[in-house]
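Visitor:
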Amino acid sequence: MYLASDLKKGLKFEIDGEPHVVVGFEFKKPGKGQSLYKCKLKNMITGAQFERTYRSGDKFEKADLEEQEMEYLYADRDAYCFMHTGNFEQIFLTLDQLEDIIDLLKENTVCTVLLHNQKPIGVTLPNFINLVITRTEPWAKGDTATGSTKPATLETGLEIQVPPFVEEGQLVKIDTRTKEYVERVNA
Numbered sequence: 018m019y020l021a022s023d024l025k026k027g028l029k030f031e032i033d034g035e036p037h038v039v040v041g042f043e044f045k046k047p048g049k050g051q052s053l054y055k056c057k058l059k060n061m062i063t064g065a066q067f068e069r070t071y072r073s074g075d076k077f078e079k080a081d082l083e084e085q086e087m088e089y090l091y092a093d094r095d096a097y098c099f100m101h102t103g104n105f106e107q108i109f110l111t112l113d114q115l116e117d118i119i120d121l122l123k124e125n126t127v128c129t130v131l132l133h134n135q136k137p138i139g140v141t142l143p144n145f146i147n148l149v150i151t152r153t154e155p156w157a158k159g160d161t162a163t164g165s166t167k168p169a170t171l172e173t174g175l176e177i178q179v180p181p182f183v184e185e186g187q188l189v190k191i192d193t194r195t196k197e198y199v200e201r202v203n204a
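Structure, rendered in C-alpha cells:
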C-alpha cells in the first residue's frame, strides 16, 4: 500500500483495478486542515489523462506490474508477436499498444514488455537501435554547410534527418526516445 505522502512523479498505482502513473505532481499545505496532493494521472492501459486531488490520509494499492525482456518476431495483420527470451512463450500486442514505437520496430529487436496482471500493456525499446538507410539523396561534393541535413528513410519506414555524408545502405544509430539520428555505425 502507498500513502498520499508517497506520491511523486513516476509512481505507479492502481485505481479501480487499472494501473495509473503520476505524470504531474503538486503539494499544497493550506493554513488549516490536511495537506493536499494534486496529481495529474495517466491510465497506463488507455492512455487517458486526468487530474485528481488526494488528502494526506488517502491510501493506494500498488499496481501489479512486471517487466519482461522479449523479442519482437513478426506482425500478423493488426497483431504483433513478441517472444519471451527465457521460456519462449509468445504474446500478441495490438497496433494501439505500439502506436508510438511502431515506426522503429524491427524484427528480432529485444524490447522490454510491461505486463499488468500478466497481460501486456506496453513496450519499451532500447534507448538506441541500428537501422539501415533505404532511401536518401546522394551527397553533393562541396555541400559542407555546418548543421545541414537531408531527409532519409529507414528500413522501418520512418523518415528522419541525417547529415549530408550519410548514404543509402549505411547502418545508422537512432535514439528511440527522440527518433533522431545519432551516428553512422561501421558494420
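Numbering (our numbering), first residue to last: 18 to 204.
A virtual CB, placed ideally from N, CA and C, is assigned to each residue, including glycine.
(1) State the DSSP-derived secondary structure class of D113, mapped to helix, strand or coil.
(2) What does a CB cutoff of less than 6 Å around K59 pick up in its chain, not counting 5 residues either side in sequence?
(3) Please report how far the alpha carbon of G186 lies from the alpha carbon of S73, in whole angstroms.
(4) If you draw a straight line from the alpha carbon of V179 to that of Y89, how long is it in whole angstroms?
(5) When the distance is taken between beta carbons, is I138 closer than 9 Å to T193?
(6) In this structure, does DSSP put A96 in helix, strand or coil?
(7) Decide if Q107 is buried, meaning its Cβ has at least 16 other Cβ atoms within 10 Å, or exposed.
Guide: Let's see:
(1) DSSP places D113 in helix when its eight states are reduced to three.
(2) So the list reads V38, V40, Q66, once near-sequence residues are dropped.
(3) Their Cα atoms are separated by approximately 58 Å.
(4) A direct Cα-to-Cα measurement between V179 and Y89 gives close to 26 Å.
(5) Cβ atoms of T193 and I138: not closer than 9 Å.
(6) In this structure, A96 counts as strand in the three-state DSSP scheme.
(7) So Q107 counts as exposed.
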